[in-house]
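For the sequence shown, the working numbering begins at 55 and goes up steadily by one. Even for Gly, the Cβ is constructed at its ideal location relative to N, Cα and C. Computed from a predicted structure; not experimentally measured. Written below as structure tokens is the structure these notes are about.
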Amino acid sequence: MLGAARATGDVLVFMDAHCECHPGWLEPLLSRIAGDRSRVVSPVIDVIDWKTSQYHPAKEPQHGVLDWKLEFHWEPLPEREKKVRQSSISPIRSPVAPGEVVAMDRHYFQNTGAYDPLMSLQGGENLELSFKDTRAPLDQEATLQNKVRIAETWLGSFKETFYRHSPEAFALRKAVKPDCTERLQLQRRLGCRTFHWFLANIYPELYPSEQRPRFSGKLHNTGLGFCADCQVEGDSLGCPVRLAPCRDSREQQHLELTSRKEIHFGSSQHLCFDVQREQVILQNCTEQGPAIHQQLWDFQDNGVIVHILSGKCLEAVVQQDSKDLYLCPCDGKASQLWRFDQVHTVDER
């Protein structure tokens, strides 16, 4: 961190001491950063056997991922990532940056809060860097402390999933609660998206089984040919849900029906479909208590979406210049028929 603070060059490169570099390793990284100063980039990292010094080049494209113990892993590219690559040397999008070698614009690094100053740079710092942007530990206790700070700062309600997978971290969290005030303030200042957004858009394979989406994407009304949308820009709390022309690029039309039977709205806020005087609106997702029953929906095989508490169906009601969503008695009319873009079956890791 002292070196990063005193550096004067345009680009910072963090590299573990055991790494060796090929000729020409830096130029492709600089080219990517020059194209977009907010990119965090890393080279392909080959392996040198520590016993024999035998060199093992990477055999297939991989990207960096994490599991629910917040452990970093390399994995082969999923099909959706293979399809967007135009050639064998095309850049690879990675949910998590590796800790061994990583490069980024110096001003971007500093303006987004640099590394957490209260984390030991001994495991987990690459996860914090990756979450903020959208290795083998040297000290197990320091690494565990780092992971607790990451969970308390970045995971939101998903931190409970991490603690279920890491009892040691849960015990440490009970003994010493970290002060994450400064990093949480940084999140708000930067307007960071939620971890829920990270799971939905960057690494859906990580979804915990109890919260993984059964369906996702745009919610189409098959009768009227439009999609569910909130047409308020910015703070969407309390926004009435209505139909609008379907657009793949519109974040406000990305929805998820989870295994908990909640319909999550696709913004950086953690909002769910709720009901107020029969009208469907967006409210903060409720983890427990009576309010949660207002937010439970059953997507049936015939295409209707039933509000579980009332037994009524989700319907698009045409009123003058708008098509708002209301609860109405179920009668199977076309305006009560819906479909999502995608169906998901994902195993918990």
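Secondary structure of residue i, DSSP reduced to three states
i: Thr188; result: With a pLDDT of 46 at Thr188, under the threshold of 50, the modelled position of this residue cannot be trusted; read the value that follows with caution. Reduced to three states, the DSSP call for Thr188 is coil.
i: Leu245; result: The question names Leu, but residue 245 in the sequence shown is Gly. It is coil, neither helix nor strand.
i: Gly89; result: helix
i: Trp251; result: helix
i: Lys387; result: coil
i: Gln176; result: At Gln176, the pLDDT of 48 sits below 50, so the modelled position is not reliable and the matter cannot be decided from this model.
i: Val150; result: coil
i: Ile99; result: coil
i: Gln373; result: strand
i: Thr215; result: helix
i: Val358; result: coil
i: Ala196; result: helix
i: Ala282; result: strand
i: Ser364; result: coil
i: Glu305; result: helix
i: His72; result: coil
i: Leu325; result: strand
i: Leu311; result: strand
i: Leu260; result: helix
i: Leu240; result: helix
i: Leu291; result: coil
i: Leu124; result: coil
First through last residue of the beta strand (DSSP E) which encompasses residue i
i: His274; result: Pro267 to Asn275
i: Glu222; result: Per DSSP, Glu222 belongs to no beta strand (DSSP E); it is in the alpha helix (DSSP H), Pro221 to Ala229.
i: Phe68; result: Val65 to Met69
i: Gln116; result: Gln116 to Leu120
i: Ala58; result: No beta strand (DSSP E) holds Ala58; the alpha helix (DSSP H) holding it covers Leu56 to Arg60.
i: Ile317; result: Ile317 to Phe319
i: Asp233; result: Where Asp233 is concerned, there is no enclosing beta strand (DSSP E), given that its DSSP letter is neither H nor E.
Residue from the options with nearest C-alpha to residue i
i: Trp79; options: Gln354, Lys213 and Val155; result: Val155
i: Trp208; options: Phe252, Pro221, Gln330 and Arg227; result: Phe252
i: Val360; options: Leu120, Leu381, Leu291 and Gln374; result: Leu381
i: Ser389; options: Leu278, Glu305 and Gly365; result: Leu278
i: Ser313; options: Asp352, Ser290 and Arg331; result: Asp352
i: Gln330; options: Asp378, Asp302, Gln307 and Gly320; result: Asp378
i: Ser85; options: Ser144, Gly357 and Leu131; result: Ser144
i: Asp289; options: Thr276, Leu336 and Ala298; result: Leu336
i: Cys339; options: Glu316, Glu332, Phe280 and Val358; result: Glu316
i: Asn275; options: Trp104, Asp395, Glu74 and Glu114; result: Asp395
i: Lys387; options: Asp375, Thr235, His398 and Val371; result: Val371
i: Gly271; options: Glu259, Arg304, Leu391 and Gly89; result: Arg304
i: Ala73; options: Val98, Arg93, Glu259 and Gly167; result: Looking at the sequence itself, residue 73 is Cys, so the reference to Ala does not match. For the residues Val98, Arg93, Glu259 and Gly167, the minimum Cα distance to Cys73 belongs to Val98.
i: Gly118; options: Arg147, Ser107 and Phe280; result: Arg147
i: Asn465; options: Leu297, Gly320, Arg242 and Gly153; result: Not covered by the structure: residue 465. The range shown for the chain is 55 to 403.
i: Arg93; options: Pro115, Ala157, Glu81 and Thr106; result: Ala157
i: His250; options: Phe126, Cys326 and Met69; result: Cys326
i: Met69; options: Gln306, Gly153 and Arg237; result: Gly153
i: Cys246; options: Ser141, Met55, Gly210 and Thr106; result: Gly210
i: Pro383; options: Asp375, Leu363, Ser376 and Phe216; result: Leu363
i: Arg91; options: Asp64, Ala196, Arg242 and Ala71; result: Asp64
i: Glu114; options: Pro77, Ala196, Lys136 and Tyr162; result: Lys136
i: Arg296; options: Gln373, Asn165, Tyr217 and Arg243; result: Gln373
Sub-7 Å separation of residue i and residue j beta-carbons
i: Ala151; j: Ser96; result: yes
i: Leu309; j: Leu368; result: no
i: Leu83; j: Arg160; result: no
i: Gln354; j: Asp328; result: no
i: Cys300; j: Cys293; result: no
i: Trp122; j: His219; result: yes
i: Lys201; j: Leu120; result: no
i: Leu198; j: Ala229; result: no
i: Leu226; j: Phe269; result: no
i: Tyr257; j: Pro149; result: yes
i: Pro267; j: His398; result: yes
i: Asp100; j: Pro111; result: yes
i: His324; j: Thr248; result: yes
i: Gln232; j: Glu206; result: The sequence shown places Pro at residue 232, rather than the Gln named in the question. In contact: Pro232 and Glu206 (Cβ atoms closer than 7 Å).
i: Trp392; j: Gly365; result: no
i: Asp170; j: Arg237; result: yes
i: Leu260; j: Gly167; result: no
i: Gln108; j: Pro130; result: no
i: Glu306; j: Cys281; result: Looking at the sequence shown, residue 306 is not Glu but Gln. Not a contact, by the Cβ cut-off of 7 Å.
Residue(s) in a DSSP beta bridge with residue i
i: Gln333; result: Gln330 and Tyr380
i: Met158; result: Leu66 and Val94
i: Asp170; result: According to DSSP, Asp170 bridges with nothing at all.
i: Glu129; result: His117
i: Gln396; result: Ser270
i: Trp79; result: Beta-bridge pairing links Trp79 to no other residue.
i: Trp351; result: His361
i: Glu206; result: Partner(s): none; Glu206 has no beta bridge.
i: Tyr33; result: Past the boundaries of the shown model lies residue 33; the chain is included only from 55 to 403, so the question cannot be answered.
i: Asn338; result: Leu325
Enclosing alpha helix (DSSP H) for residue i [first to last residue]
i: Val138; result: Glu133 to Val138
i: Ala298; result: Ala298 -> not in any alpha helix (DSSP H); beta strand (DSSP E) instead, spanning Arg296 to Ala298.
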